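Engineer: Questions regarding the structure given below will be posed in turn.
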Amino acid sequence: MKKIWIGIDDTDSRNGGCTTHIAKTIIKFLIDDGFDLIGYPRLVRLNPNIPWKTRGNGAISFRIGLGAGYKNKIGEIDKSEIFCFSRVKKSSDLTKQVDRIKEIILDVFKDYAHVRDINTNPGFVILKDKPSFDVYKKGVRDILYLNEIKDIIKSLKGFYKGYKNSRGLIGAVASVAWMTSKDSTFELITYRSEEKWGTKRLVEDESVKNIDRLYRSTFDNYDYKNKHNRIVPNSPCPILYGIRGDDAKDLIESYSLIKSEKVDSWIIFQTNQGTDDHIQSKVISQIKIFQSVKVKGRVIVKPHTIIGGHVLFTISNDLDEKIDCASYEPTKQFRNIIRELLIGDVVEVYGGVRKKPLTINIEKIEIKKLVDDFIKIQNPICTNCKKHMKSRGKNQGYKCLKCKTKEEFAERRKKNRHLNHGFYEVPVCARRHLSKPLKRYK
Ligand code: ATP
């Protein structure tokens, strides 16, 4: 066994903890013990709509062995530099060290996993081989079941340890199954020292805006309209801030420019954040709860605002299937875009599906076709009699009372639409981890 995969998940609770922090601690102990990281550690976001997630449904995986090839600095922990290697040494053999690896993981779980929390069900897995990519695809788009996960671990002759209902094994295995080759991004995560956990974080907004402007490969840093510093979490977890981006080198430079309270340690994860991996293309009748979809339709019910400031409208397709779409209050100014839609506009909506009644929680929208919008100037004038015609009733056109000539439309002027064809996305403050920002579109 030249190298092994380790997957971990579900170690945190709403009161604190963080699976990336546990992973970072395990990584440090493994490196101290002589193991090397092969490739970046991975922060893999899974289905954002499952009800039993704590926050962002993130799971961690990484590969260890004896490193060879080129090495990359990816972090600093306890004042030592952390590297990952491009490949494994020919002589690498971990067969006799699996027990030691288990021992290290178990010790860190004992110290940091929030096992006592009613909703926390940690799990970790040690695998020689990666599960099929389909396991990841299902994990990010649908629901996975513990039985199928245990069968997969068994078929790969892996080792696992699950605590309580062991649900964390699902994320642990799905995370290992992720492949970075299709699309991936990076996140540099900084951590606070333990005595600071749960206290107010000090990260200077101006320095965050500065890196946002300087490094175009970074994304979701700062929401200028809503004055929201998006790199700082608002839970009591050990993270100080996380900078996301396409280029790991830019993240390290950005980190050096952020002004904040003391950073205890930092590490870069490769992630599926900002990739839209959760989105599946669907027709309306195929849409199911807990999925995230991209679906095309024509607006048939005009956007209207309901209590709470949420904006709803309905789309339908050629088969007369209908679904409601919502831009909820937290999406702020995005609701003004949605309010501009008119009956007949053709759109493609991207978002997570809420149940009862099925509603798409919009993350992004592509305007495909805009209908003309008219403003009435006056009733039409009969070309024969030169008199104003009379309305025949709502949407029934006009008629000259004298010569009976009919006309469909009033004399009208085309109004400017305040929308263009193309994409619109929710603001940074409402962005989902997995949503691909428009900035990342080529
Ligand atoms: P974060 O680390 O961002 O805070 P989270 O804490 O929100 O993530 P977890 O506490 O890990 O999420 O809880 C999610 C739970 O759901 C985990 O037990 C995980 O194994 C499980 N899970 C994740 N994706 C799926 C899925 N597609 N189907 C079934 N269970 C899933």
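Heads up: the sequence shown runs through residues 751 to 1192, numbered per the numbering used here.
The beta-carbon is built from N, C-alpha and C at its ideal position, and this holds for glycine as well.
All values derive from a computational prediction rather than experimental measurement.
Checking 8 Å against the spacing of the C-beta atoms, do F936 and I758 come in under that value?
Structural biologist: no
Engineer: The beta strand (DSSP E) with I1029 in it runs from where to where?
Structural biologist: I1029 to S1031
Engineer: Is the Cβ-Cβ distance between G1094 and I1065 less than 8 Å?
Structural biologist: no
Engineer: Within 8 Å, do at least three Cβ pairs link the stretch 1061 to 1079 to the stretch 1096 to 1107?
Structural biologist: Touching, per the Cβ criterion.
Engineer: Beta carbon of G921: closer than 7 Å to some heavy atom of ligand 1?
Structural biologist: yes
Engineer: Given that a residue counts as buried once 16 or more other Cβ atoms are within 10 Å of its Cβ, and exposed if not, what is Y991?
Structural biologist: buried
Engineer: Helix, strand or coil: how does DSSP classify K1072 here?
Structural biologist: strand
Engineer: With DSSP run on the structure shown, which of helix, strand or coil describes Q1128?
Structural biologist: strand
Engineer: Answer yes if the stretch 950 to 959 comes into contact with the stretch 967 to 979, meaning at least three C-beta pairs across the two stretches below 8 Å, and no otherwise.
Structural biologist: yes
Engineer: Could you give the uninterrupted runs of the beta strand (DSSP E) lying entirely in the stretch 998 to 1040, keeping only those of 3 residues or more?
Structural biologist: 1015 to 1021 and 1029 to 1031
Engineer: Please go through the same chain and pick out, in chain order, the residues whose beta-carbon is closer than 7 Å to the beta-carbon of G1083, but skip the five residues on each side of it.
Structural biologist: The residue you asked about is not Gly; residue 1083 is Gln in the sequence shown. In its chain, beyond the 5 residues on either side, K975 and P1177 have a beta carbon closer than 7 Å to the beta carbon of Q1083.
Engineer: Using the C-alpha atoms, what's the distance from L816 back to Y1100?
Structural biologist: Taking the CA atoms as reference points, Y1100 sits about 43 Å from L816.
Engineer: Go through its chain and collect everything with a Cβ distance to R1142's Cβ below 6 Å, but skip five positions before and after it.
Structural biologist: Excluding residues up to 5 positions away in sequence, K1149 lie with their Cβ nearer than 6 Å to the Cβ of R1142 in the same chain.
Engineer: Just to confirm, are K1072 and I1050 a CB contact at a threshold of 8 Å?
Structural biologist: yes
Engineer: Could you say which of I1029, D1068, N1166 and L938 lies nearest to S1035 if we only look at CA atoms?
Structural biologist: D1068
Engineer: State the Cα-Cα distance for the pair K852 and F859, rounded to the nearest angstrom.
Structural biologist: 10 Å
Engineer: Mind reading off the beta-carbon distance from P798 to L1184? Whole number of angstroms is fine, and I expect it under 8 Å.
Structural biologist: Contact between P798 and L1184 holds, with the beta-carbon distance rounding to 6 Å and staying under 8 Å.
Engineer: Between S842 and K753, is the Cβ-Cβ spacing less than 8 Å?
Structural biologist: yes
Engineer: Just to confirm, does L894 get its C-beta within under 7 Å of one of the non-hydrogen atoms of ligand 1?
Structural biologist: yes
Engineer: Any contact of the stretch 990 to 1005 with the stretch 915 to 926, i.e. 3+ C-beta pairs under 8 Å?
Structural biologist: no
Engineer: Taking only runs that begin and end inside the stretch 966 to 997, name each unbroken beta strand (DSSP E) of 3 or more residues, in chain order.
Structural biologist: 989 to 995
Engineer: What three-state label does DSSP hand G918 in the structure shown?
Structural biologist: helix
Engineer: In whole angstroms, what is the alpha-carbon distance linking E831 and S763?
Structural biologist: 29 Å
Engineer: Who pairs with A1160 in a beta bridge, going by DSSP?
Structural biologist: None, per the DSSP bridge assignment.
Engineer: Within 7 Å: the Cβ of G738 and any heavy atom of ligand 1?
Structural biologist: Residue coverage of the chain in this structure runs from 751 to 1192, which leaves residue 738 outside it and unanswerable.
Engineer: Could you tell me which residues DSSP pairs with G912 in its beta bridges?
Structural biologist: G873
Engineer: Look at the alpha carbon of N822 and the alpha carbon of I814, and state the distance between them as a whole number of angstroms.
Structural biologist: 15 Å
Engineer: Near C987, what residues of its chain come up, given a Cβ to Cβ distance below 8 Å and the 5 sequence neighbours on each side ignored?
Structural biologist: Here the set comprises D762, G766, G767, C768, H771 and W947.
Engineer: Between the C-alpha atoms of K1009 and E954, what's the straight-line distance to the nearest angstrom?
Structural biologist: 6 Å
Engineer: Taking the runs of the alpha helix (DSSP H) that are 4 residues or longer, which of them lie wholly in the stretch 1048 to 1122?
Structural biologist: Complete alpha helix (DSSP H) runs here, min 4: 1084 to 1089.
Engineer: Which residue comes first and which comes last in the beta strand (DSSP E) that contains A1180?
Structural biologist: First-last for A1180: undefined, no H or E at that position.
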